[in-house]
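In this note's numbering, each number is its position in the sequence shown, counted from 1, plus 586. Backbone N, C-alpha and C define an ideal beta-carbon position, used for all residues, glycine too.
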Amino acid sequence: MDNTGQGQPLKLGIVTPVLSMNPRVAQPWEVSATPSDLRAIAQAADRLGFHHLTCSEHVAVPSQAVSATGQARGTRYYDPAVTLSWMAAATSRIALATHVLVGAYHHPLQVAKTYGTLDRLSGGRVILGVGVGSLHEEFELLDVPFVDRGARTDDFLRALRATWGEPEPEYEGAFFRFSGLVVDPCALSTDPTIWIGGRTARSLRRACELGSGWVPFGLDDRQLTSMLGDLRNSQSLDGRDRPLDLVLGAEDLDPVGNPDGSLERLRSLQELGATHVNLRMRQNSLAEFLEQLEAVASLGILPSVDGTES
């Protein structure tokens with residue numbers, strides 16, 4: 587059974603520059619970018635009809651840390667709660683996505699309170715991207731067991747779903763249990779959008795079981811096709827009350843220099859099953875990044891601010 591969101595209009599989000607400095611993609615101008623630069627990016631994306639902005643999470647990373655794919659990780663990571671709150675105040679409609687929180691680092695009530703407050707203040711614009719995490723040194727720093735992080739994250743997700751939007755939540759699980767407490771303010775809705783990050787079959791199953799969508803990374807089109815084919819041939823999507831979001835990435839997109847190729851790439855991701863795409867644009871300055879945003883809008887995929895396609 588196919589209960590993905592394939593066939594729906596494609597929604598485009600931005601992997602926000604400046605907020606993390608991945609050596610593979612970050613540009614020199616981002617090192618000294620100012621809050622005004624970030625505000626310009628957020629407001630342009632909001633005005634043009636992009637679906638969401640992102641901010642990832644790390645507390646402290648070793649200077650030579652590598653990612654799960656073996657690439658250099660970088661050491662700059664803006665705090666997502668603070669940064670997305672600041673962006674919310676500068677915008678009016680664009681969604682605000684953690685991309686991703688490391689679930690095992692947090693108590694679900696703390697996330698429900700922090701991001702529930704942001705959800706209420708922003709008018710219901712929060713998307714919670716959540717991952718298991720892979721940086722052993724950071725787990726040790728935060729005194730969180732590394733070995734059971736998958737099971738802990740699963741319980742965190744169940745507890746978060748039971749808590750989100752509930753002023754008097756109750757939950758009892760393997761790692762978290764609480765009752766008789768008040769979380770006020772809380773999120774506007776009791777149905778959170780939770781995107782599960784990961785690159786394994788287990789992360790995809792976790793998304794089907796406990797999430798609203800899957801945000802894979804470090805997988806090529808062939809690998810994605812195989813994993814999604816297996817998913818559609820399984821019963822993992824049966825019984826879902828809404829389709830599964832599939833949030834894929836478009837790297838080094840250049841709609842200014844190659845609009846036809848950019849549109850072709852976005853359509854190919856949609857054919858793979860993408861409901862949402864996180865964009866990284868080819869750019870060497872703030873001005874070029876803003877120009878690329880305008881060029882994406884000219885491709886005719888983004889909705890207008892009144893909800894119709896441009």
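Residue interval of the alpha helix (DSSP H) (run including Asp807) | Start and end: Asp807 to Arg818.
* **Leu876 versus Asp632 - alpha carbon distance** => If I take the Cα positions, the gap works out to 12 Å.
N-terminal and C-terminal residue of the alpha helix (DSSP H) that Trp615 is part of = Going by DSSP, Trp615 is part of the alpha helix (DSSP H) stretching over Pro614 to Val617.
Would you be able to state if there are at least three C-beta pairs under 8 Å between the segment 765–775 and the segment 719–730?
-> Counting Cβ pairs under 8 Å, fewer than three are found: no touch.
With distance defined between alpha-carbon atoms, name the residue in Leu834, Pro603 and Phe761 nearest to Leu790.
Minimum Cα distance to Leu790 is reached at Leu834.
Notebook entry, point to check: Can you tell me whether DSSP reads Glu795 as helix, strand or coil?
Noted result: Reduced to three states, the DSSP call for Glu795 is helix.
Host beta strand (DSSP E) of Val712 (start-end) = Taken as a continuous stretch (DSSP letters only), the beta strand (DSSP E) holding Val712 covers Val712 to Gly717.
Is the beta carbon of Trp781 sitting closer than 8 Å to the one on Gly702? No, the pair does not count as a contact, with Cβ atoms beyond the cut-off.
Q.
If the criterion is Cβ atoms closer than 8 Å, does the pair Ala628 and Ala676 meet it?
A. It is a contact, given that the beta carbons lie within the stated cut-off.
* If we count the other Cβ atoms within 10 Å of its Cβ and call it buried at 16 or more, is Glu643 buried or exposed? -> It counts as buried.
- Message: Give me, in chain order, the residues of the same chain whose beta-carbon lies closer than 6 Å to that of Thr894; leave out the 5 immediate sequence neighbours on both sides.
- Response: Unreliable placement is indicated for Thr894, whose pLDDT of 48 sits below 50; the coordinate value is still reported in the next sentence. Residues of the same chain with their beta carbon placed closer than 6 Å to that of Thr894 are lacking, with the five preceding and five following residues left out of the count.
inquiry  = For a quick check, are the C-beta atoms of Leu832 and Ala860 less than 8 Å apart?
reply    = Yes, the pair counts as a contact, with Cβ atoms nearer than the cut-off.
Margin query: For Glu880 and Ala626, what's the separation of their Cα atoms in angstroms?
Written below: If I take the Cα positions, the gap works out to 13 Å.
Inset, instruction - Go ahead and pull the three-state DSSP assignment for Val842. - result: Three-state result, Val842: coil.
Are the Cβ atoms of Leu727 and Leu704 separated by less than 8 Å?
No. Outside cutoff.
- request: With DSSP as the reference, label Phe742 as helix, strand or coil.
  value: Phe742: helix per DSSP, three-state reduction.
Would you list the residues sitting across from Cys641 in a DSSP beta bridge? Beta-bridge partners of Cys641 (DSSP): Thr684.
Problem - Cβ shell of Leu598 (< 7 Å), same chain only, five flanking positions each side left out - result: Closer than 7 Å at Cβ, skipping near neighbours: Phe636, His637, Val863, Leu865, Val882, Ile887 and Leu888.
Relative to the C-alpha of Ser798, which residue among Leu830, Ala667, Pro603 and His693 is closest? For the set Leu830, Ala667, Pro603 and His693, the Cα lying nearest the Cα of Ser798 is the one of Leu830.
| field | Assigned exposure category for Val697 - 16 Cβ within 10 Å defines buried | value | Looking at its Cβ environment, which holds 16 or more other Cβ atoms inside 10 Å, Val697 is buried.
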